[in-house]
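The next block holds one structure in the form of structure tokens; read it before the comments.
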Amino acid sequence: QNLSNADSSEQDGEEQLTTSEEKPTHQEWNSFKTCLKDRRDGLMYSPACRLAVEDRSLLRQLDIDIVHLNLPSWMEGLATSLQRYMYFTFFDRLSVDDIDVRNEENRVRIQVALNKNQDHLNVSINTTNENAQISHIPTHQPKIKMDFFSLLNIPL
Numbered sequence: 272q273n274l275s276n277a278d279s280s281e282q283d284g285e286e287q288l289t290t291s292e293e294k295p296t297h298q299e300w301n302s303f304k305t306c307l308k309d310r311r312d313g314l315m316y317s318p319a320c321r322l323a324v325e326d327r328s329l330l331r332q333l334d335i336d337i338v339h340l341n342l343p344s345w346m347e348g349l350a351t352s353l354q355r356y357m358y359f360t361f362f363d364r365l366s367v368d369d370i371d372v373r374n375e376e377n378r379v380r381i382q383v384a385l386n387k388n389q390d391h392l393n394v395s396i397n398t399t400n401e402n403a404q405i406s407h408i409p410t411h412q413p414k415i416k417m418d419f420f421s422l423l424n425i426p427l
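Take the position in the sequence shown, starting the count at 1, then add 271; the result is the number in this note's numbering.
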């Protein structure tokens, strides 16, 4: 059986794990092998299988593509204010390339990636005229906590 994005196959009595992502850790590999053994023995929901599924289904990267045309001026102002606030908050971790950058018009690409230990984020923001990277944002003490509903005055 397949477990998330992993494909297992038996060759010479050994299982192999192939995935499009980075190589699994020793603990992930052991829980996956134990889960395969448990499933062959009829235990579909063993603790090893729960751990293997949890490891494989953890969101490690978020890609956001925003295509925009004819934005109202208040929304452009909001986006600019949010960008300035993030740049100011993370100035010590910020790197901006804005010389000879020509990305797609009317498109913003944001990528948020969680490191393997789940203790730091790396964010990249690509706009028409600049590429910005914010590195090593600690996840245990976030500097920004935002309630977008109150920011946009949207009732719940």
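Backbone N, C-alpha and C define an ideal beta-carbon position, used for all residues, glycine too.
All values reported here derive from a predicted model rather than from experimental measurement.
Subject >> Terminal residues of the alpha helix (DSSP H) in which Leu-349 lies >> reply: 344 to 360
**OP:** With distances taken Cα to Cα, identify the nearest neighbour of Arg-373 among Leu-330, Thr-398, Ser-352, Ile-381.
**Re:** Comparing Cα-Cα distances from Arg-373 to each of Leu-330, Thr-398, Ser-352, Ile-381, the minimum goes to Thr-398.
Original post:
To which residues does DSSP link Ala-403 through a beta bridge?
Top reply: Val-367, Ile-396
Original post:
Out of curiosity, what's the CA-to-CA distance linking Val-394 and Val-324?
Top reply: 26 Å
**OP:** Grab me the residues of Leu-340's own chain with a C-beta within less than 7 Å of its C-beta, minus the 5 sequence neighbours each way, in chain order.
**Re:** Result list for Leu-340: Asn-377, in chain order.
**OP:** Could you pull out every residue in the same chain whose Cβ sits closer than 8 Å to the Cβ of Tyr-358, ignoring the five residues on either side in sequence?
**Re:** Leu-365, Val-367, Ala-403
Subject >> CA nearest to the CA of Thr-410, picked from Glu-401, Ile-396, His-391 >> reply: His-391
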